[in-house]
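To start, the structure itself, in structure tokens.
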Amino acid sequence: MTGRLAGKTAILIGAGQTPGDTIGNGRATAMLFAREGAAVFCVDRNLDRAGETAALIAGEGGTAHAHAADIRDEAECAALIAAGVAALGRFDILHNNVGGGAGDASVEATDPARFDAILHLNLTAMMQTIKHALPVMRAQGQGAIVNISSLAAIAPAGIIAYEVSKAGVNKLTTSVAALNARHQIRCNAILPGLIDTPMAIQGWAGLTGEAQAELRAKRDARVPMGRMGTAWDVAHAALWLASDDARFVTGALLPVDGGQSVRLG
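Mapped onto full-length UniProt numbering, the consecutive letters of the sequence shown carry residue numbers 1 to 265.
What follows is the structure, encoded as structure tokens:
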């Protein structure tokens, strides 16, 4: 590795993952950040899963801490930022990787309470972590925020709450970027397309009963490049946006989708 984050610290929210036979976006990003020299504060609602990620990092010689928080609760957002700063000594990077769409549906089939719950998890919770990170970053005079959005923010997927919430993440990202550039705080978002992660494959197969091999084949066929991405594809995009290589990049909405967003026909 090249040490692109040497001397930097990162609070990574959603660093655990659903059990499965591949690696998830949050865990891959946490591990890549650490391999590139960052000390990582691994946050997840499930402390054991955050601890597993931190242990993997430590096993490779990196520095990591595990912390449990439910970012739907604003008080826990404030506390995790404070705990991260206390553990790391400084705070350079915030990576927001929490989201979901369980129970989502088309507009005509949507339950309003479920709609609100998905928006709160995917959008309001992210706003809360950024809200409590910004004062620290402003006091330091710099910072980088990377948010995980989705291709569903710009391409209809038939699940209205998820689509709307991720479109909101895009607007949150550009608004934070515009209002904080003068503080040398950058804010960008990644829009993953079809990615082979435990949540996407084991999670969906468990809900539908579909064989994982068949599900993977269907998803691969929908991507112009002929295959789904991996969590490492998302992680490398996050690394670039978090690093000084992207020091003049803010407000970007970066698809990582194998060409889905620009396909013909």
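The beta carbon of each residue, even a glycine, is placed where N, CA and C say it ideally should be.
Computed from a predicted model, the values in this text were never measured in an experiment.
query                                                                                                                      : result
Beta-ladder partner(s) of V43, from DSSP                                                                                   : I13 and H67
Helix, strand or coil at N97 [DSSP, three-state]                                                                           : coil
Which residues DSSP lists as bridging C187, in chain order                                                                 : I145
Chain-order list of residues whose beta-carbon lies under 7 Å from that of M127 (same chain, five-residue window excluded) : L172
Pick from G3, D21, I13 and I11 that is closest to T230, judged by C-alpha positions                                        : D21
For A211 and residue 308, the rounded distance between their alpha carbons                                                 : Because the chain is modelled from 1 through 265, residue 308 falls outside the range shown and cannot be assessed.
Option nearest N96 by Cα separation, candidates R263, T2 and I13                                                           : I13
Closest by C-alpha distance to A153, when choosing among N180, L134, P135 and L123                                         : L123
With 16 other Cβ atoms within 10 Å as the buried cut-off, status of F248                                                   : exposed
Proximity below 8 Å, CB of residue 270 to CB of L119                                                                       : Examination of residue 270 is not possible in this model, given that the chain is present from 1 through 265 alone.
Within 8 Å, strictly: CB atoms of G89 and E36                                                                              : no
Where residue 280 falls: helix, strand or coil (DSSP)                                                                      : This structure cannot speak to residue 280, because the chain is shown only from 1 to 265.
Contact test: L172 Cβ vs the ligand COA heavy atom, cutoff 7 Å                                                             : By its list of ligands, the structure shown contains no ligand whatsoever, and the ligand COA lies outside what it can speak to.
Terminal residues of the beta strand (DSSP E) in which A255 lies                                                           : As written in the sequence, residue 255 is Pro, which differs from the Ala given in the question. Counting along the chain, the beta strand (DSSP E) containing P255 begins and ends at L253 to V256.
Among L241, G226 and Q184, nearest to R263 - alpha-carbon criterion                                                        : G226
Where I195 sits in the DSSP three-state scheme                                                                             : strand
Integer Cβ distance of I145 from I130, believed to fall under 8 Å                                                          : 6 Å
Member of A242, G206 and E74 whose CA lies at the smallest distance from the CA of H132                                    : E74
Alpha-carbon to alpha-carbon, A238 and G104                                                                                : Per the sequence shown, the amino acid found at residue 104 is Asp instead of Gly. Approximately 27 Å, taken between the alpha carbons.
Test item: CB-CB of I11 and L94 under 8 Å                                                                                  : yes
When R219, L191, G61 and G101 are compared against V40, the one with the closest alpha-carbon                              : G61
Sequence-distant residues of its chain with Cβ nearer than 6 Å to R138 (five each side left out)                           : H183
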